[in-house]
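Right, one structure below, let's go through it.
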Amino acid sequence: MAAAALVVQDDDTYLGSDIVKDMVKQLRAIDTYDTYEGWSEAKIIDPIVLTKDRKKNIPVIGDPDEITIARLKAYYNSLATLIEKKSGLMAAPIVHLSHEGFGRALIMVGKLIVVDKILRDTHRFGFSSLEDLCDKSDKVIDKALGLIEKYNAAATD
16 MAAAALVVQD
26 DDTYLGSDIV
36 KDMVKQLRAI
46 DTYDTYEGWS
56 EAKIIDPIVL
66 TKDRKKNIPV
76 IGDPDEITIA
86 RLKAYYNSLA
96 TLIEKKSGLM
106 AAPIVHLSHE
116 GFGRALIMVG
126 KLIVVDKILR
136 DTHRFGFSSL
146 EDLCDKSDKV
156 IDKALGLIEK
166 YNAAATD
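Each residue of the sequence shown is one higher than the last, beginning at 16 in the working numbering.
Next up, the structure:
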C-alpha cells in the first residue's frame, strides 16, 4: 500500500506561523515512541489538513482514535500557549470528550473562560488548509485577548 501524498509542502509559508510552530512542538512532545524522529514539520502537521478528498474517506459517524484526540488536545494546548504569551497571564486548556467524540474545550485565564467550544464529530477534526488553521486560530486568540482586556479583574483573580 502506497503512502498517501502530503498536502502540506515543506515550503508552505504558513509553517512559520506561531500556531503551526507551537502545534508541531506539542505533537513532538507527546510522541513517546519517537515516531516523528526525522520527520519534517510539514509531515508532522499534514494530518491536521483535511482536504475534501481526505474528509470524504472519513465516515460521517465514528469514534475518534487516540491520535486524533492527541491532535485535538495539541491544538487547544497551542491556543492556550499563544494566549498566555500574548496576554502575560497563565492560560489553562481543558478538553473533555466522551468516547464518541462529543464534548467541550475550554481555555481559562484566571477565573475567566476565554475560549468555550462545543466539540462534536471530533473523529473528523482538522482544517481545510494551514491558512484556514491560522485564520481560525487568530480569530480565537484575538477574541480571547479581547475578553481578557474587557474582564481583566476575573482574568487576574
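Each residue gets a CB set at the ideal place from its N, CA and C atoms; glycine is no exception. Predicted model only: the values in this text are computed from it and were never measured.
query                                                                                                              : result
Sequence-distant residues of the same chain with beta carbon closer than 7 Å to residue 95, five excluded per side : 106, 107, 108, 122
Exposure of residue 50, with buried meaning 16 or more beta-carbon neighbours within 10 Å                          : exposed
Given 8 Å, three or more beta-carbon pairs between the stretch 20-37 and the stretch 139-155                       : yes
Buried versus exposed call for residue 44 [16 or more other C-beta atoms within 10 Å across all chains shown]      : exposed
Test: residue 124 CB closer than 8 Å to a CB of chain B                                                            : The structure shown contains no chain B; it holds only a single protein chain.
Cα-Cα separation, residue 62 to residue 112                                                                        : 20 Å
Test item: CB-CB of residue 116 and residue 136 under 8 Å                                                          : yes
Boundaries of the alpha helix (DSSP H) in which residue 131 is found, first to last residue                        : Residue 131 -> not in any alpha helix (DSSP H); beta strand (DSSP E) instead, spanning 127-134.
Residue 69 CB to nearest heavy atom of the ligand FMN below 7 Å                                                    : Here there are no bound small molecules, and the ligand FMN is not part of this structure.
Separation of residue 151 from residue 164, as counted between CA atoms                                            : 20 Å
Pair within 8 Å by beta-carbon distance, residue 129 and residue 84                                                : no
For residue 123, the residue or residues it bridges with in DSSP                                                   : 107, 128
For residue 67, the nearest candidate out of 154, 140, 24, 155 (CA to CA)                                          : 140
Among 167, 138, 125, the one whose alpha carbon lies nearest that of residue 81                                    : 138
Reference residue 56, options 22, 77, 48, closest by Cα                                                            : 22
Local conformation of residue 161 per DSSP, three classes                                                          : helix
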